[in-house]
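Chemist:
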Amino acid sequence: MNDQLNKRQYSAKRKKLLDLELARYVGLLTEHGSPEKVILFGTLATGSVHEWSDIDLVVVERTQLPFFQRIKKVRKLLQPKVGMDIMVYTPEEFDRLCADRPFFKEEIIGKGEIVYERAR
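One point on numbering: in this note's numbering, the residue at position 112 of the sequence shown is 98, and numbering is uninterrupted.
Set out below in structure tokens:
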């Protein structure tokens, strides 16, 4: 029983840390970038945070950079302090992936949370 309590307490602390980092990331992305949309997915989005949880993000923005250079640019901007998986797609790439890939439909669109969307 004590182990369960410790795990819950640790998960709550981990969630608070991840939430703070997520807010910092969104602030940096919107201040120094031009995202159209930022989507959180994974355990933080579904509320099932555990000791190994990280921040999983999809950033949708107009860019001419090749895929891996986009990720490198964003990681350099964010300088993550916790584990982070990030994917950066153009709006057209994102729409195509949502139409063609079940993972995008089920996990990112279905269970994900839009944490930022530019006003139109």
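A virtual CB, placed ideally from N, CA and C, is assigned to each residue, including glycine. Please read these numbers as outputs of a predicted model, since none were measured by experiment.
Identify whether residue 22 lies in helix, strand or coil by the three-state DSSP scheme.
Modeler: strand
Chemist: Relative to the alpha-carbon of residue 70, which residue among 82, 101, 44 has its alpha-carbon at the smallest distance?
Modeler: 44
Chemist: Note down the Cα distance separating residue -4 from residue 39, rounded to an integer number of angstroms.
Modeler: 11 Å
Chemist: Pick out the complete alpha helix (DSSP H) segments inside the stretch 58 to 86, 4 residues or longer, and give them in chain order.
Modeler: 77 to 86
Chemist: Along the chain, where does the alpha helix (DSSP H) containing residue 30 start, and where does it finish?
Modeler: 29 to 32
Chemist: Going by DSSP, name the residue or residues bridged to residue 43.
Modeler: 26, 72
Chemist: Please report how far the alpha carbon of residue 32 lies from the alpha carbon of residue 103, in whole angstroms.
Modeler: Roughly 19 Å between the two C-alpha positions.
Chemist: Among 46, 74, 48, which has the Cα closest to the Cα of residue 56?
Modeler: 74
Chemist: Go through its chain and collect everything with a Cβ distance to residue 101's Cβ below 6 Å, but skip five positions before and after it.
Modeler: 12, 24, 26
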